Amino acid sequence: MSAEPSERYNPREMEPHWQEVWDKAGAFVTKEDNARERYYVLEMFPYPSGRIHMGHVRNYAMGDVLARFERSRGKNVLHPMGWDAFGLPAENAAKQGNVHPAEWTYQNIANMRAQLKSMGLSLDWSREFATCDVEYYTQQQKLFLDMLEKGLVSRRKSKVNWDPVDNTVLANEQVIDGRGWRSGALVEQRELDQWAFKISDFAEDLLAELDNLPQWPEKVRTMQRNWIGRSEGLRVLFEIAPNDKTSETVLDIFTTRPDTLYGASFMALSADHPLTTALAAKDPGMAEFVAECHRLGTATEIIEKAEKKGYFTGIHVKHPVIEDIVLPIYVANFVLMDYGTGAIFGCPAHDQRDFDFARAYGLPIIPVVLPEDKQAGTFMTEFAESDEAYTGPGRLFNSGPLDGMDVDTAKNTMATTLENRTVGGKPQGARKVNYRLRDWGISRQRYWGCPIPVIHCDNCGIVPVPSDDLPVKLPDDVSFDKPGNPLDHHPDWKHVACPECGQTARRETDTMDTFVDSSWYFARFTAPRATTPTVPDVADAWLPVDQYIGGIEHAILHLLYSRFFARAMRETGHMQVKEPFKGMFTQGMVTHETYKAEDGNWMLPSDIIIESSGGTRVARDANSGSPVVIGPYEKMSKSKKNVVDPDEIVKTYGADTARWFMLSDSPPERDVEWSESGIEGASRFVQRVWRLVNEAKVRIDAGSERLGDKASALALTRAVHKTTANVETELAGLRFNRAVAMIYELTNVIGKFMSDLKDEPCLSEISALRLAINNLVQLFAPMMPHLAETCWQALGNSGLVCDAPWPEVDQAYLVEDSVTLPVQMNGKKRGEITVPAGASEAEIIKQALSLDVVVRMLDGKEPKKVIVVPNRIVNVVA
RNA sequence: GCGGGCGUGGCGGAAUUGGUAGACGCGCCAGACUCAAAAUCUGGUUCUGGAAACAGAGUGUCGGUUCGAUUCCGACCGCCCGCACCA
2 MSAEPSERYN PREMEPHWQE VWDKAGAFVT KEDNARERYY VLEMFPYPSG RIHMGHVRNY
62 AMGDVLARFE RSRGKNVLHP MGWDAFGLPA ENAAKQGNVH PAEWTYQNIA NMRAQLKSMG
122 LSLDWSREFA TCDVEYYTQQ QKLFLDMLEK GLVSRRKSKV NWDPVDNTVL ANEQVIDGRG
182 WRSGALVEQR ELDQWAFKIS DFAEDLLAEL DNLPQWPEKV RTMQRNWIGR SEGLRVLFEI
242 APNDKTSETV LDIFTTRPDT LYGASFMALS ADHPLTTALA AKDPGMAEFV AECHRLGTAT
302 EIIEKAEKKG YFTGIHVKHP VIEDIVLPIY VANFVLMDYG TGAIFGCPAH DQRDFDFARA
362 YGLPIIPVVL PEDKQAGTFM TEFAESDEAY TGPGRLFNSG PLDGMDVDTA KNTMATTLEN
422 RTVGGKPQGA RKVNYRLRDW GISRQRYWGC PIPVIHCDNC GIVPVPSDDL PVKLPDDVSF
482 DKPGNPLDHH PDWKHVACPE CGQTARRETD TMDTFVDSSW YFARFTAPRA TTPTVPDVAD
542 AWLPVDQYIG GIEHAILHLL YSRFFARAMR ETGHMQVKEP FKGMFTQGMV THETYKAEDG
602 NWMLPSDIII ESSGGTRVAR DANSGSPVVI GPYEKMSKSK KNVVDPDEIV KTYGADTARW
662 FMLSDSPPER DVEWSESGIE GASRFVQRVW RLVNEAKVRI DAGSERLGDK ASALALTRAV
722 HKTTANVETE LAGLRFNRAV AMIYELTNVI GKFMSDLKDE PCLSEISALR LAINNLVQLF
782 APMMPHLAET CWQALGNSGL VCDAPWPEVD QAYLVEDSVT LPVQMNGKKR GEITVPAGAS
842 EAEIIKQALS LDVVVRMLDG KEPKKVIVVP NRIVNVVA
């Protein structure tokens, strides 16, 4: 099959053809026994919602360009695809449509696979898997058991974020502004037995290694750093003054400012602190205050506005470094139980929250840090009138032995002092590094997830499922008509004999958070059919992923969990690599104009007609003709109906056109604006290239017998080599938009060359044209692979362009033998001169000064100075 | 509040280490081809003045360094994103 010259290029015919050719040739099946350098490119695998969207098209187009490009550069490329297939939508579909989650999911996968195949991606489909495949989650259960054995999994009663709409637990990372990330429901706090991965064991390493990921966006690294939230400080034991309300004798607090201890004026406990709970049991007023704190919730708006409130416990602690001073203990609504020890000391002068609290309750405010440029007296006076705590640097004062020290020295000195004292037989102070990062709770009360392979036995406690008994398979016969977890109310699934004592026991009915599934799939792709989670040697050979591409929305959750999993898999012997992704790229979103009808309803782009006259665009309803308001570009979303269906685009314009458009114009990390005229422009280029190739073919076939070296032929050859070198650099750096621009430029150059070509060209012109047109095809081949194959064949090349090596760049052609230099007068361009490449400075100056405009402006005077930057510029200073 | 990023024509965006601002695309204007339209091709398109040659201004604002600044420095203005009572 081949397209006739002079016909329009027909992607609908050619694209399926080449897809079949690649498929039959097994062109993109990755071989292990391949001596070439390995290159692993991976795009975040999709959730099988049923249809791909333009965001997928952009993501996979980028990955595919890299895969094809690196392949042509001689690498052994791994470019796999799979499905992040567990999750709640399948269960919701089951509830609504009476379809089994498995059926729904696999049907969606089939649809989306067909859509992805129509894009012509160079994927190794032989490695495809879905995380809901038994073969995959069996291996995940093995990993879980290995991690359990290594002490990387914990089970404890803990406060969890409970989503009352989805009826399940959420990880902290899945709570956004106090609401569930999927349901948007206000999250409640509940106490449950939970399985958790001990990600906090790796906090330090996860933080430190961020510095060794130079190919990650700075933004993502910063976000992870903040999330891990390391802070160095001191645990301090405060002695509780003897009293009759509690039997406790010490209060354990965490502070990062031990230097300000001389400014302490109160202590504050979290509403959930054990001491609070004990005291509230006997104090109804306090119990009411605690309840009030819980009602406040965690929503951002509320926290921002909430006043600092407290409740005095009636007890005091002794000041650790000032004799005969006691400090009152409050329960305060701004102290968090899950950070530090859930208790703090308050130094109002140097912490804004403490300041506000002290103001509200009439507590002393004692400044102990003096800004470097202030006198103690004036600072005290100014400070008394201020509403702000001073949190900057300075020297200690009002602080006895610390007076005169800078903040860091004072911190250290105080730490050492307290380390050397004891309270109740323990050191009063202990240096401690605290992290915000908390363990990753993975228990979910759901059916469509990976079962947690443990058994609860009344005699033996928690018993791991023996590996011979794996997999713990999900039962097929489940009902979704009752609220709660279908696994829990399944008639017999959970009832099993204890593997240890044989007595009646219960299976764990919780399944794993679906983020577990996506935390190691990149490793599984290296040996997707192995009967172990990985084949360690193979995983180590491929990993880390050279280039990972996906959305910024996974900057914390997925990427942090994956980094943890790599470490956990290392500890359990499944691989050596601890950083899973060497290069990370976060691509921007696809946006589209929004359209609103007169009645205020959003309208689909396909339901409107846009007319433009004299630069103004007017939209109206395609059916009724009534006017439609054109709104700004926003992220494509179903709710605003500003979506374009990739299937329709592929049918109308072809995959190559869609890919080309997605890669041109906008830098890949920025949002791209989808527009009708944009896709039309891309389509125009496809046809233009096709015409150009056919015209070139006619000229080349006609040949020539005239000898001769034409300057235009040399210029074209230079342009080809230069563009090849530049496109290579840009593609390697993922600057697809710049590569596209250069290819356009070269196309223009070739077009110009052809229209200038005489009826009887000489040999040098024909061979320059042959090189140019073939190279052009190769340059755009990673982006528009079908068109490239068609052109490649039409030009009479043998084999597939996807197998052809990247064109060679001859450095000799990159060196120009004459240069055009701009000539500036006082920094403003006035003209230009052309000089031989090796021209001396004196020559250049002489030529520049003889320019008409320079002579005129100098008006007979000598220039003050002439600056010559070789190969760049000449500047005449008058 | 803290952290990260960004401000360039009508629009998306280009501009190596400071060296011709506006590549390339979209849009628009004019012309060619056509009975006509579509498609295609050619030319033009930062702004102001001018028929043109040309001159002046110009990369958010103000200032600085420099022969020369979109690029470096300082102050400000505006926008986007992330985090946020983390002691």
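So for the first sequence, the numbering used here puts the first residue at 2; every next one is plus one. Glycine residues also receive a C-beta, built at the ideal position from the N, C-alpha and C atoms. Since we're looking at a predicted model, the values are computed, not measured.
The alpha carbon of Asp478 has as its nearest neighbour, out of Pro472, Asp470, Leu488, Leu471, the alpha carbon of Leu488. Taking C-beta atoms under 8 Å as the contact rule, Val424 and Leu238 qualify, at a distance of about 4 Å. Residue burial annotation: Asp65 is buried, with at least 16 other C-beta atoms found within 10 angstroms of its C-beta.
At a Cβ-Cβ threshold of 8 Å, Phe145 and Tyr137 do not count as neighbours. Boundaries of the alpha helix (DSSP H) harbouring Arg571: 558-572, taken from the DSSP string.
Taking C-alpha positions only, Arg13 is separated from Phe662 by approximately 17 Å. In this model, Phe565 and Ser444 are separated by some 17 Å (Cα to Cα). Cβ contact annotation for Thr139 (same chain, cutoff 7 Å, sequence separation greater than five): Leu471, Pro472, in chain order.
One thing to note: Pro81 has its Cβ no nearer than 8 Å to the Cβ of Phe781. At the C-beta level, Ala714 and Glu766 come within 8 Å of one another. Of the residues assessed, Thr277 falls on the buried side of the cut-off, its CB having 16 or more other CB atoms within 10 angstroms. According to DSSP, Trp449 shares a beta bridge with no other residue. Runs of the alpha helix (DSSP H) lying entirely within the region 17-43, each at least 4 residues long, are absent.
Ranked by Cα distance from Asp134, the options Lys118, Tyr436, Glu104 are led by Glu104. Following the DSSP letters along the chain, one finds Gln548 inside the beta strand (DSSP E) bounded by residues 548-552. Distance from the CA atom of Trp543 to the CA atom of Phe203, rounded to whole angstroms, is 24 Å. Contact between the region 558-574 and the region 606-615 is not established, with fewer than three Cβ pairs separated by less than 8 Å. The criterion of a C-beta distance shorter than 8 Å is satisfied by Arg507 and His457. Close CB contacts of Leu438 within its chain, under the 7 Å cut and outside five residues either way in sequence, are with Ile200, Ser201, Ala204, Trp228, Ile229, Gly230 (chain order). Shown here, Met513 sits in a strand according to DSSP, grouped into three states. Annotation: the continuous alpha helix (DSSP H) that includes Asp409 extends over 408-420. For Gln794, the closest of Thr510, Pro783, Gln779 by C-alpha to C-alpha distance is Gln779. Inter-residue distance for Asp657 and His787 is about 7 Å (C-alpha atoms, whole angstroms). Closest option to Pro90, judged by alpha-carbon separation, among Thr515, Val651, Thr821, Arg618: Thr515. Taking a 10 Å sphere around the C-beta of His722, we find 16 or more other C-beta atoms and assign the residue as buried.
Burial state of Asn827 is exposed, judged by a 10 Å Cβ sphere holding fewer than 16 other Cβ atoms. By the Cβ criterion, the region 149-167 is in contact with the region 180-187, since at least three pairs of Cβ atoms, one from each stretch, lie closer than 8 Å. Relative to the Cα of Phe582, the nearest Cα in the group Ala385, Cys294, Leu207 belongs to Leu207. Taking 8 Å as the cut-off, the Cβ atoms of Leu777 and Thr748 count as close. Here the C-alpha atom of Asn11 lies approximately 33 Å from the C-alpha atom of Ala716. Less than 8 Å divides the Cβ of Gln141 from the Cβ of Val517.
Relative to Leu371, the option among Asp853, Tyr391, Arg354, Leu364 whose CA is nearest is Tyr391.
Separation of the CB atoms of Thr257 and Gly234 is rounded to 4 Å, and the pair is thereby assigned contact status at 8 Å. For Ile366, DSSP records no beta bridge to any residue.
By the Cβ criterion, the region 577-597 is in contact with the region 662-677, since at least three pairs of Cβ atoms, one from each stretch, lie closer than 8 Å. Around the beta-carbon of Ser819, fewer than 16 other beta-carbon atoms lie within 10 Å, marking it exposed.
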